[in-house]
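These notes concern the structure reproduced below.
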DNA sequence: TAAGAACGTGCGTTATAATGAACAAAAGAT
DNA sequence: ATCTTTTGTTCATTATAACGCACGTTCTTA
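Residue numbers (the UniProt record's numbering), protein chains in the order written: chain A, 1 to 112; chain B, 1 to 112.
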């Protein structure tokens, strides 16, 4: 279904529904209905708008999930992790700080 | 416009409007309006139907804006970040620990 | 802990996508 | 040449896509 894909890309970009709807110039209430598959037949202009903001090809939203993420790297990351990544990047956490955090945790796990 | 492309593919297949509309299961009156650009915002299900009969990819009918992709640096998932995250997941770092790390860093940045 | 903002959803309304006739013009057949 | 069938169009009607606003909840900020 198309709703799942829209939500997937949206959360991956760390965007809220209000934000996406605002940027795309569509009603957030309708976007909500689309993501929950309460409505499943949007127009091409609607799809173009949100695809434009999400910066993805229109096919990425229309494509049946069969070919979409068979062996896609980003698909390996589950949804919650993607949110965390987006949040991390936006908050200005440096990669170095994160690396330190990683090493510290590895060390901590070893102590058990 | 989309109408020109539909007509182009249809005539190329030697199909009449009545025939295409019939096979696709849509109203020929509406198909007529689409081809003459009296209506320019069909639904994805409509396009899928006729694209299916015409045996063309959906893009072939929408391709007017094929090159609208200029990947956003800030929003897109940074490649190096992805590797770090993958490493984090494999090393068994829990989401909770990562969340705590994020909050701590946000707080730290605020202190300046 | 209270106030305020931002989040997503529910609902009534509007705009328009999509339909099913019936129609005139053109093509094809007898 | 008239009759018949097929073509694409017009028009009134129905279905639903899309909207704006208000509401309850969940984060923030003080």
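Heads up, the beta-carbon is just placed ideally off N, CA and C, and yes, glycines get one too.
Between which two residues does the alpha helix (DSSP H) containing residue 28/B stretch? For residue 28/B, the uninterrupted alpha helix (DSSP H) segment begins and ends at 28-35.
Measuring straight from C-alpha to C-alpha, what distance separates residue 15/A and residue 56/A? Whole-angstrom Cα-Cα distance: 14 Å.
Could you check how far apart the C-beta atoms of residue 61/B and residue 51/B are, in whole angstroms? I think they sit under 8 Å. Indeed, because the Cβ distance is near 6 Å, the residues count as touching under 8 Å.
Mind pulling the chain A residues with CB within less than 7 Å of residue 47/B? Under the 7 Å cutoff, chain A gives 44.
Is there a Cβ from chain A that is less than 8 Å from the Cβ of residue 58/B? Chain A, which has a Cβ nearer than 8 Å to the Cβ of residue 58/B, makes this yes.
Please check the pair residue 63/B and residue 25/B, which I expect to be a contact at CB under 8 Å, by giving their CB distance rounded to whole angstroms. About 24 Å separates the two Cβ atoms, so there is no contact after all.
Residues that residue 43/B bridges to, as DSSP identifies them: The partner list for residue 43/B (beta bridge, DSSP) reads 43/A.
Residues in the same chain with beta-carbon distance under 6 Å from residue 33/A, minus the five sequence neighbours each way, listed in chain order, please. Annotation for residue 33/A: 39 place their beta carbon closer than 6 Å to its own, counting only its chain and skipping 5 residues before and after.
What are the boundary residues of the alpha helix (DSSP H) that residue 22/B is part of? Counting along the chain, residue 22/B sits inside the alpha helix (DSSP H) bounded by residues 17-24.
Against chain A, with Cβ distances strictly below 8 Å, would residue 41/B count as a contact? At a cut-off of 8 Å between beta-carbon atoms, residue 41/B makes contact with chain A.
Locate the alpha helix (DSSP H) running through residue 7/B, then write down its first and last residues. Residue 7/B -> alpha helix (DSSP H) spans 2-12.
Under three-state DSSP, which class holds residue 56/A? The three-state secondary structure of residue 56/A, taken from DSSP, is coil.
With a threshold of 8 Å between beta-carbons, can residue 62/B be considered close to chain A, or not? Closer than 8 Å: yes.
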